[in-house]
Every structure is written in C-alpha cells, then in structure tokens.
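**Q**
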Amino acid sequence: MSFEPSLSPPTGWPLMRQRWSQLLFAHWPVAPELLRPYLPARLTLDLFEGQAWLGVVPFTMSHIRPLGLPAVPGLNHLHELNVRTYATLDGVPGVWFLSLDATLSLGVWAARTLFHLPYLHARMSLAETSGTLRAVAQRTHRGAAPASFRANWTPGAALPKASPGTLAYFLTERYHLYTAGPDLRRAVGSRTLWRGQLYHEPWSLREATLSEWESTVVESHGLPTPAGPPLLHAADTLDVWVRELRRI
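Take the sequence shown: its letter number 78 is residue 78 in the numbering used here, and every next letter is one higher.
1) Once the 5 residues before and after Glu214 are set aside, which same chain residues still bring their CB inside 6 Å of it?
2) By DSSP's criteria, Ala87 is part of a beta bridge. Which residues make up the other side?
3) For Arg36, name the three-state secondary structure that DSSP assigns.
4) Spell out the partners DSSP gives Asn82 in its beta bridges.
5) Using the beta-carbon count (16 or more within 10 Å), is Trp203 buried or exposed?
6) Please go through the region 109-152 and give each complete beta strand (DSSP E) segment of 3 or more residues, from N-terminal end onward.
7) Roughly how many whole angstroms lie between the Cα atoms of His141 and Ala122?
8) Taking the straight line between their C-alpha atoms, what separation do you get for Arg243 and Tyr38?
9) Cutting at 7 Å between CB atoms, please list the residues of its own chain near Gln138, excluding the five before and the five after it.
10) Within a Cβ cutoff of 6 Å, which residues of the same chain sit near Pro5, ignoring the five residues on either side of it in sequence?
11) Between Val136 and the rest of its own chain, which residues show a CB-CB distance below 6 Å, the 5 nearest in sequence each way excluded?
12) Is Ala234 helix, strand or coil by DSSP?
This is the structure in structure tokens:
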C-alpha cells in the first residue's frame with residue numbers, strides 16, 4: 001500500500017513546532033535479517049526493492065515551542081544524532097529509531113518520559129565553517145553503551161524533489177514514527193506501540209561530500225560496521241509540526 005503525505009497541516013491540535021537544520025542523511029543498505037531483531041514483532045521492516053536501510057542522521061533542532069506558547073530560552077535548541085531504520089504497520093510507513101543522542105537534558109527527559117522514545121544524553125556540537133559542517137558527539141547516558149561520532153560534510157548542488165517510488169523518497173519522506181518505549185531492548189519485546197505524526201513540506205535535498213567520518217553509534221547497538229561509503233543527502237532548513245503520539 002502506498003502512502004502520500006498530506007499537503008496541509010494535520011487535523012487536530014499539533015503539539016509543537018520545530019525547525020530542523022544542518023541535517024545530513026547518511027544511509028547504508030543492510031541485510032534485512034540483521035535489522036529484523038531490532039523491531040517489535042508487530043512492525044514490518046520496510047524494504048526498498050528487497051533491501052533494508054540503516055541511517056545515521058545528525059542535525060540541529062531549534063525554535064522548539066509548544067503551539068500557542070513562546071519558546072523558552074535555553075530549552076528551545078539542541079543537537080541530535082539518531083540511528084534509524086524504516087518500518088510499516090497497517091500500510092503506514094514510518095521511522096523506527098534505535099537511538100537518538102541529544103544535548104538538552106530536559107529535552108531528553110521529556111522525550112523518554114512523554115513520548116516513549118529512546119533518547120540518550122550526549123555532548124554534541126554542530127557548526128558550519130566556510131560552507132562545511134562539522135558534527136562531534138559523545139554519548140554520556142548512564143547505563144547506555146558508549147558511542148562517539150565525528151563527521152565533516154559539505155552540502156553541494158540542489159537535487160530534484162524526490163518522487164514517489166525512488167530511493168531518495170523512501171529514505172527521506174517519512175511522516176510517521178513508531179516507538180515502543182525508551183529502552184530499545186525492552187521495546188523490541190513489547191506489544192505496545194505508539195505512532196506519531198509529523199507534517200512538513202517535502203525535503204529540499206542536496207548532494208553532499210564527506211571529508212571525515214568516524215562513528216561507533218551503529219556498533220553501539222551490536223550491529224556490524226556498515227560496509228562501504230554511505231549514500232548521502234544533505235537537507236535545507238525545514239519547519240516541522242509535531243503531533244502527539246497515539247497508542248495503536
């Protein structure tokens with residue numbers, strides 16, 4: 001079953017607004033049997049032409065505010081680094097996160113407690129110098145497997161809008177997420193799921209060139225180091241509406 005995102009904001013009362021910037025999608029093809037154990041039984045691993053995909057995505061989240069309320073200084077900006085794959089339930093495709101390392105302690109607490117997402121405390125910087133972006137992260141979450149990340153990339157020429165049926169569309173145009181709790185090991189065995197809905201305009205993607213990549217965030221989950229260079233898509237700044245998670 002195909003799913004097309006709405007071209008207007010979702011009905012109902014959105015929970016908050018965010019702005020995503022300095023974002024890089026880095027993806028590798030992965031054998032489905034490697035990722036299947038990291039999803040709950042109710043979810044189906046989403047495949048593109050029979051192939052599963054694993055992503056690592058650093059970005060900056062800013063202008064965070066509940067709808068109808070002003071942003072709170074010191075609580076409206078963070079850097080994030082997530083490890084993801086893709087899943088479906090009842091024909092609705094979404095993102096399944098293995099981990100989301102982030103810098104804002106209160107934000108990590110809120111995401112774990114209120115949204116049941118596997119956020120982890122981390123130190124992270126992400127800055128641009130002369131057109132090149134540099135992200136550095138170190139996981140600090142107590143009890144979590146250690147992980148570090150360091151990457152430099154330069155966004156390049158604009159790419160055409162991703163069309164349904166293409167790999168770029170499959171990897172980036174995701175308007176739902178699934179979660180089963182903040183502890184991935186327990187979440188995999190859970191029958192309880194939540195599905196969250198996002199709204200944003202289609203991604204404006206760009207070519208990207210890596211000049212440095214050192215990462216153990218994938219390996220921290222017990223997965224092997226991805227083989228070969230990643231498929232890269234840099235992304236322009238995007239405003240996002242976030243809806244509450246609904247138990248399904």
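We put the CB at the ideal spot given by N, CA and C, even for glycine. These numbers come from a predicted model, not from an experiment.
**A** Once the coordinates are examined:
1) Arg150
2) Leu45 and Gly94
3) helix
4) Val57 and Leu100
5) buried
6) 119-129 and 132-139
7) 6 Å
8) 25 Å
9) Ala122, Arg123 and Ser148
10) Note on Pro5: pLDDT 41, under 50, position unreliable in the model; no value is reported.
11) Ser125 and Arg150
12) strand
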